[in-house]
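2 protein chains.
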Amino acid sequence: MSLLVVGSVAFDAIETPFGKTDKIIGGAGTYIGLSASYFTKNVNLVSVVGGDFPNETLEMLNTKGINTDGIEIRQDEKTFFWSGKYHDNMNQRDTITTELNVLETFDPQVPDNYQGCDVLMLGNLSPGVQKSVIDRLNDRPKLIVMDTMNFWMDIMMDDLKTTIAMVDVLSINDEEARQLSGEYSLVSAAKKIMTMGPKYVIIKKGEHGALLFHEDKIFSAPGLPLEEVFDPTGAGDTFAGGFVGYLSAQSEINFDNMKKAVIYGSALASFCVEKFGIERIADLSDNDVASRVQQFTNLIEVDL
Amino acid sequence: MSLLVVGSVAFDAIETPFGKTDKIIGGAGTYIGLSASYFTKNVNLVSVVGGDFPNETLEMLNTKGINTDGIEIRQDEKTFFWSGKYHDNMNQRDTITTELNVLETFDPQVPDNYQGCDVLMLGNLSPGVQKSVIDRLNDRPKLIVMDTMNFWMDIMMDDLKTTIAMVDVLSINDEEARQLSGEYSLVSAAKKIMTMGPKYVIIKKGEHGALLFHEDKIFSAPGLPLEEVFDPTGAGDTFAGGFVGYLSAQSEINFDNMKKAVIYGSALASFCVEKFGIERIADLSDNDVASRVQQFTNLIEVDL
Numbered sequence: 001m002s003l004l005v006v007g008s009v010a011f012d013a014i015e016t017p018f019g020k021t022d023k024i025i026g027g028a029g030t031y032i033g034l035s036a037s038y039f040t041k042n043v044n045l046v047s048v049v050g051g052d053f054p055n056e057t058l059e060m061l062n063t064k065g066i067n068t069d070g071i072e073i074r075q076d077e078k079t080f081f082w083s084g085k086y087h088d089n090m091n092q093r094d095t096i097t098t099e100l101n102v103l104e105t106f107d108p109q110v111p112d113n114y115q116g117c118d119v120l121m122l123g124n125l126s127p128g129v130q131k132s133v134i135d136r137l138n139d140r141p142k143l144i145v146m147d148t149m150n151f152w153m154d155i156m157m158d159d160l161k162t163t164i165a166m167v168d169v170l171s172i173n174d175e176e177a178r179q180l181s182g183e184y185s186l187v188s189a190a191k192k193i194m195t196m197g198p199k200y201v202i203i204k205k206g207e208h209g210a211l212l213f214h215e216d217k218i219f220s221a222p223g224l225p226l227e228e229v230f231d232p233t234g235a236g237d238t239f240a241g242g243f244v245g246y247l248s249a250q251s252e253i254n255f256d257n258m259k260k261a262v263i264y265g266s267a268l269a270s271f272c273v274e275k276f277g278i279e280r281i282a283d284l285s286d287n288d289v290a291s292r293v294q295q296f297t298n299l300i301e302v303d304l
Numbered sequence: 305m306s307l308l309v310v311g312s313v314a315f316d317a318i319e320t321p322f323g324k325t326d327k328i329i330g331g332a333g334t335y336i337g338l339s340a341s342y343f344t345k346n347v348n349l350v351s352v353v354g355g356d357f358p359n360e361t362l363e364m365l366n367t368k369g370i371n372t373d374g375i376e377i378r379q380d381e382k383t384f385f386w387s388g389k390y391h392d393n394m395n396q397r398d399t400i401t402t403e404l405n406v407l408e409t410f411d412p413q414v415p416d417n418y419q420g421c422d423v424l425m426l427g428n429l430s431p432g433v434q435k436s437v438i439d440r441l442n443d444r445p446k447l448i449v450m451d452t453m454n455f456w457m458d459i460m461m462d463d464l465k466t467t468i469a470m471v472d473v474l475s476i477n478d479e480e481a482r483q484l485s486g487e488y489s490l491v492s493a494a495k496k497i498m499t500m501g502p503k504y505v506i507i508k509k510g511e512h513g514a515l516l517f518h519e520d521k522i523f524s525a526p527g528l529p530l531e532e533v534f535d536p537t538g539a540g541d542t543f544a545g546g547f548v549g550y551l552s553a554q555s556e557i558n559f560d561n562m563k564k565a566v567i568y569g570s571a572l573a574s575f576c577v578e579k580f581g582i583e584r585i586a587d588l589s590d591n592d593v594a595s596r597v598q599q600f601t602n603l604i605e606v607d608l
């Protein structure tokens, strides 16, 4: 199945207790595309960058099987830039700079050769921009997966709910699920969100793993216990990329495959945090991925 | 295998967002004993109560197969009393009253008919009291499991470490593991604790489940996603009781059986929080337990 990904392609500067980077490559679209590329070579990316974005990075994405025809390059403008600093426990971060630049007027165009996609992944962007991508597809994809964040809940909840109503899977973290639903219990939160449109809800719990909800079924994926989290930036996007990438490589979309997709997404995310930015996930072998998934299997194997 | 449990038998008064109790039956020993009694009828309890403790409760414990010969009754003194109030999210609580009463001078005696136990469960008590029970056993049990809390880390870390060095399994929560080890990562924390004596470390993560560590192996047990946590009091003790109860009913103690024991402990704990105090776990059928364990199986089942 073909996969269409919409998301930012950007610069980040990151400080963690382990070190500090200059401007490095970031962006939800980048993380999602790279992560998905371990499962399918049929990834089409829609995004926007400025003239300052390195051509080598686009070429690197192409070598991974990611089509970048849908990345608009605005030569006279600058690429989206975010910088942030993580607290000692890595569970919280402060944003230092957000320069929207090209993202401010991003109006995603879907190239003709991207039409007919089976799976659409809407990376975190304003809900209006996410909706416009759905509107511009000639046929509704078999599966639409959406990521979002608390920022949009704070400032445009109505728009957000409109877009959420159009998707099949919503992937958010625990605090966002609580904010969106007004429910503290994650079970109640997921139930409420499923009444808003999505048939599936994924609640990401950071180091505690993720929960997948569908009808009255729940799947609990563990977090891989790690000695060291070097840089959490992009872990959620990498999770989403592994999730949609794995599903796109299956012949059928169903709950059983989604459970596996959650584990594959978790495995990719566990690599992401080992180095700064995309460094680790741009450089994985199939064997790396397979042995990491085996670690997840060992982690939860019990003969009850 | 026979199980010896040492722990408080006490009164609690609890306030949660769902309601408030008068003095009700509580205490780590009570929760542990009741929980273990679903797996083995060979439970011997060591504790101390005052003359104000109801005889019917001791009789109720006896009907569950819990031997109370080792509960000292001090007619002229009062039973340990704790009262607390939970915050809205149930993850934090304030202690309102702690009346040590009989616990202040508790000097646990091990009746002759309790000698030769195979599994010893040290419920949360001062580390010196826990150690004295080990010292008073003629033969070292096959397995010693110990629970403790941050309170003892704050005021008597050296004594605590002395007792920890004598046990096989330490069961604590994530914050306590961090405090005890000085490590933020739970993997690093568990590794460090395993150098202090215990061959196994269980780190309880509340709603996020529990991790079992042994040598370089890790097992991750999920928390059962619940719509409502009515009263978390005793959940950790109930977990420990299910854990040691299940193990006591097996012919062998090994990592595979410990993994199952963690799930059985988690299942019992998930019942505990459904009602105030011991109300729910004093009234379970074998079928209740089996179907709850099946829910855990469903929750983590994935065909990778």
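Chains E and X, in that order, give the protein sequences. Sequential numbering of the first sequence, starting at 1, is according to this note's numbering. Sequential numbering of the second sequence, starting at 305, is according to this note's numbering. Each residue gets a CB set at the ideal place from its N, CA and C atoms; glycine is no exception. From a predicted model like this one, the values you see are computed outputs, not experimental measurements.
How should Asn254/E be labelled, buried or exposed, when 16 other C-beta atoms within 10 angstroms of its C-beta is the threshold for buried?
-> Position 254 of the first sequence, counted from the first residue, corresponds to residue 254/E. Counting Cβ neighbours within 10 Å, Asn254/E comes out exposed, since fewer than 16 surround it.
According to DSSP, is Ser83/E helix, strand or coil?
-> Numbered from its first residue, the first sequence carries residue 83/E at position 83. Ser83/E falls in the strand class under three-state DSSP.
Same chain, Cβ closer than 6 Å to Thr163/E, neighbours up to 5 away in sequence not counted | On the first sequence, residue 163/E is found 163 positions in, with the first residue counted as 1. Sequence-distant Cβ neighbours of Thr163/E in its own chain, meaning closer than 6 Å and more than five residues away, are Pro127, Gln130, Lys131.
Is any beta-carbon of chain X found at less than 7 Å from that of His208/E?
-> Position 208 of the first sequence, counted from the first residue, corresponds to residue 208/E. Yes, because at least one Cβ of chain X sits closer than 7 Å to the Cβ of His208/E.
Beta carbon proximity, Glu215/E to chain X, threshold 7 Å | Here residue 215/E refers to the residue found at position 215 of the first sequence. Output row for Glu215/E: interface = no.
Chain-ordered residues of the segment 524-548 of chain X with a beta carbon less than 9 Å from chain E = Ser524, Ala525, Pro526, Gly527, Leu528, Pro529, Leu530, Glu531, Glu532, Val533
Would you say Gly333/X and Ser351/X are within 7 Å of each other, going by their C-beta atoms?
-> Taking the first residue of the second sequence as 1, we reach residue 333/X at position 29. Taking the first residue of the second sequence as 1, we reach residue 351/X at position 47. In contact: Gly333/X and Ser351/X (Cβ atoms closer than 7 Å).
What does Leu608/X touch in chain E if you count any residue whose Cβ is under 7 Å from its own?
-> Sequence index remark: in the second sequence, residue 608/X carries index 304 (1-based). Under the 7 Å cutoff, chain E gives Lys260, Ile263, Val293, Thr297.
Own chain, CB closer than 7 Å to Lys564/X, minus 5 neighbours either side, in chain order | Taking the second sequence and counting its residues from 1, one reaches residue 564/X at position 260. Around Lys564/X: Tyr550.
Report yes or no: is there a C-beta of chain X within less than 7 Å of the C-beta of Leu186/E?
-> As a position in the first sequence, residue 186/E is number 186, starting the count at 1. For Leu186/E, the answer is yes, since a Cβ of chain X falls inside 7 Å of its Cβ.
Are the CB atoms of Ser555/X and Thr344/X nearer to each other than 7 Å?
-> In the second sequence, the residue the question calls residue 555/X occupies position 251. In the second sequence, the residue the question calls residue 344/X occupies position 40. No, these two residues do not count as a Cβ contact at 7 Å.
Got a sec: is the Cβ-Cβ distance from Ile522/X to anything in chain E below 7 Å?
-> Your numbering for residue 522/X matches position 218 in the second sequence. Closer than 7 Å to some Cβ of chain E, the Cβ of Ile522/X qualifies, so yes.
Local conformation of Met90/E per DSSP, three classes = Residue numbering aside, residue 90/E sits at position 90 when the first sequence is read from its first letter. If DSSP states are grouped into helix, strand and coil, Met90/E belongs with coil.
What separation, rounded to the nearest whole angstrom, lies between the Cα atoms of Ile522/X and Val491/X?
-> Along the second sequence, read from residue 1 onward, the residue named residue 522/X stands at position 218. Along the second sequence, read from residue 1 onward, the residue named residue 491/X stands at position 187. C-alpha separation (whole angstroms): 9 Å.
Roughly how many angstroms separate the alpha carbons of Ile193/E and Phe384/X, rounded to a whole number?
-> The residue you call residue 193/E lines up with position 193 of the first sequence. The residue you call residue 384/X lines up with position 80 of the second sequence. Approximately 45 Å, taken between the alpha carbons.
Quick one: measure Cβ to Cβ for Ser35/E and Thr233/E, integer angstroms, because I've assumed they're closer than 8 Å.
-> What you label residue 35/E is simply residue 35 of the first sequence in a count that begins at 1. What you label residue 233/E is simply residue 233 of the first sequence in a count that begins at 1. No, Ser35/E and Thr233/E are not in contact; Cβ-Cβ is about 13 Å, not under 8 Å.
Quick one, which of Ser266/E, Asp216/E, Asn62/E has its alpha-carbon nearest Leu224/E's?
-> Sequence index remark: in the first sequence, residue 224/E carries index 224 (1-based). Considering only alpha carbons, the answer is Ser266/E.
How long is the line joining the alpha carbons of Ala43/E and Val5/E, rounded to whole angstroms?
-> Within the first sequence, the letter at position 43 stands for residue 43/E. Within the first sequence, the letter at position 5 stands for residue 5/E. It should be pointed out that residue 43/E corresponds to Val in this sequence rather than to Ala. When rounded, the distance between both Cα atoms is 7 Å.
Listed from N- to C-terminal order along the chain, which residues in the segment 190-208 of chain E have their beta-carbon within a distance smaller than 7 Å of any beta-carbon of chain X?
-> Lys205, His208
Hey, Met121/E and Val145/E are a contact pair by Cβ (cut 8 Å); roughly how many whole angstroms apart?
-> Position 121 of the first sequence, counted from the first residue, corresponds to residue 121/E. Position 145 of the first sequence, counted from the first residue, corresponds to residue 145/E. With 8 Å as the limit, Met121/E and Val145/E qualify as a contact, their Cβ atoms being about 5 Å apart.
Would you mind reading off the limits of the beta strand (DSSP E) that contains Phe213/E?
-> Here residue 213/E refers to the residue found at position 213 when the first sequence is read from its first residue. Where Phe213/E is concerned, the enclosing beta strand (DSSP E) stretches over 210-214.
From Ile134/E, Lys142/E, Met166/E, Leu180/E, pick the residue whose C-alpha is nearest to that of Met156/E; which is it?
-> Walking along the first sequence from the start, residue 156/E turns up at place 156. Per the Cα distances, Leu180/E.
For Thr409/X, which option in Lys382/X, Thr401/X, Asp443/X, Gly581/X has the closest C-alpha, if you only look at C-alpha atoms?
-> By 1-based counting over the second sequence, the position of residue 409/X is 105. It is Lys382/X.
Segments of 3+ residues assigned as beta strand (DSSP E) that fall wholly inside the segment 44-82 of chain E = As far as the segment 44-82 of chain E is concerned, its whole beta strand (DSSP E) runs of at least 3 residues are 66-74.
Strand pairing of Asn173/E, partner residues [DSSP] | Position 173 of the first sequence, counted from the start, is the residue given in the question as residue 173/E. According to the DSSP secondary-structure assignment, Asn173/E is paired through a beta bridge with Lys204/E.
Beta carbon proximity, Ile604/X to chain E, threshold 7 Å | The residue labelled residue 604/X in the question sits at position 300 within the second sequence. At least one chain E Cβ lies under 7 Å of Ile604/X.
Indicate whether at least one CB of chain X lies closer than 7 Å to the CB of Asn101/E.
-> What you label residue 101/E is simply residue 101 of the first sequence in a count that begins at 1. No - not a single Cβ of chain X is within 7 Å of the one on Asn101/E.
Enumerate, from N- to C-terminal direction, the unbroken beta strand (DSSP E) stretches of 3 or more residues contained entirely within the segment 135-202 of chain E.
-> 143-147, 169-173
Short Cβ contact (7 Å threshold) for Gln629/X with Asn442/X | This structure does not reach residue 629/X, given that chain X is present from 305 up to 608, and the question cannot be answered.
If the cut is a Cβ gap below 9 Å, which residues of chain X does Asn44/E touch?
-> Translated into the one-based positions of the first sequence, residue 44/E becomes position 44. Those do not exist, as Asn44/E stays about 28 Å from chain X at its closest Cβ, beyond 9 Å.
Counted within 10 angstroms of its Cβ, other Cβ atoms place Leu298/X as buried (16 or more) or exposed = Since the first residue shown for chain X is 305 and the last is 608, residue 298/X is missing from the structure and cannot be characterised.
Going by alpha carbons, who is nearest to Ile375/X out of Gly311/X, Tyr342/X, Met394/X, Gly427/X?
-> On the second sequence, residue 375/X is found 71 positions in, with the first residue counted as 1. The residue with the shortest Cα to Cα distance from Ile375/X is Gly311/X.
For the segment 462-477 of chain X, enumerate the residues whose C-beta is nearer than 8 Å to any C-beta of chain E, in chain order.
-> none
Would you kindly check if the distance between the Cβ of Gly546/X and the Cβ of Leu530/X is under 7 Å?
-> Looking up residue 530/X in the second sequence gives position 226. Looking up residue 546/X in the second sequence gives position 242. No, the pair does not count as a contact, with Cβ atoms beyond the cut-off.
Beta-carbon proximity list for Met166/E, same chain, < 8 Å, skipping 5 on both sides | Within the first sequence, the letter at position 166 stands for residue 166/E. Result list for Met166/E: Lys131, Ile134, Ile144, Gly197, in chain order.
So what does Leu307/X bridge to, in DSSP terms?
-> The residue you call residue 307/X lines up with position 3 of the second sequence. Answer by DSSP bridge pairing, in chain order: Val347/X, Val423/X.
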